[in-house]
Amino acid sequence: MKRITQIKIGKHKTGIAGLEKTLEDVAKIGPKMSDEDIAAEMMTRLSKKNYISPKAHDEYEKAFIREYKKYVGEPVPDEPLEEVEIKVLGAGCPNCDKLEMVLMGLIEEMGIKVDLEHVRDIKEIAAYGVMGSPALVINRKVKSAGAVPSKPKLKKLISEAVSELDAQKGART
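To convert, take the position in the sequence shown, counting from 1, and add 858; that gives this note's numbering.
Shown next as structure tokens:
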């Protein structure tokens, strides 16, 4: 069974079949190649297993380069957030699932658009440097670890994140 990896293509998360194997293979030849050549190589290999719309070709190339750089340990600049990004970090313990459910309820109650993701991959969790689960990451910053924050605390954290993002968007325009 092929492994599907979710990555962000433009503003949307998309499942990519065979990404991990392709990253592994291209990393063996990549150090001698330019970013454009790496992107072309990944496009060639991954388009055999995934439908890539010609209209989205450039967005896929950018995403594949970003994933490649992460894979080989090169720095990748963060792209500006378009909406509040919330991640629950945890392999799937009852408290992790509870935090995710509470967040879903609060997001609906608050009537806001949020990119909510439950990260279960141990390597990805370790990249945040948290020791306890569940951990909560809002707009790329760890806000809590090792416990489920209270509903009022979560609501406050989300409201602050919305305000910060609105201010950043205002500063960009």
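Backbone N, C-alpha and C define an ideal beta-carbon position, used for all residues, glycine too.
Note that the structure is predicted; figures quoted are calculated from it, not measured.
Where leucine 974 is concerned, there is no enclosing alpha helix (DSSP H), although the beta strand (DSSP E) around it starts and stops at 972–977. Here histidine 870 is bridged, per DSSP, to Ile867. Rounded to the nearest angstrom, the gap between the Cα atoms of valine 960 and valine 1006 is 9 Å.
Here the region 1015–1029 makes contact with the region 932–944; the two share three or more CB pairs at distances below 8 Å. The alpha-carbon of leucine 994 is positioned some 9 Å away from that of glycine 948.
Inter-segment contact for the region 860–870 and the region 892–901 is absent: fewer than three beta-carbon pairs are separated by less than 8 Å.
Between glycine 987 and glycine 1004, the beta carbon gap of about 13 Å keeps them out of contact (Cβ cut-off 8 Å). A residue is called buried once 16 or more other Cβ atoms fall within 10 Å of its Cβ, and isoleucine 874 is buried on that count.
Judged by DSSP in its simplified three-state form, serine 1021 adopts helix. Contact check for glutamate 943 against asparagine 997 passes: the beta carbons are separated by less than 8 Å.
In terms of Cβ geometry, tyrosine 929 and alanine 984 do not form a close pair [threshold 8 Å].
A Cβ-Cβ distance of about 6 Å is found for the pair proline 992 and valine 946, placing them in contact under the 8 Å criterion.
Annotated three-state conformation of isoleucine 996 is strand, per DSSP. By alpha-carbon distance to lysine 879, the top candidate from Ser892, Asp916 and Arg903 is Arg903.
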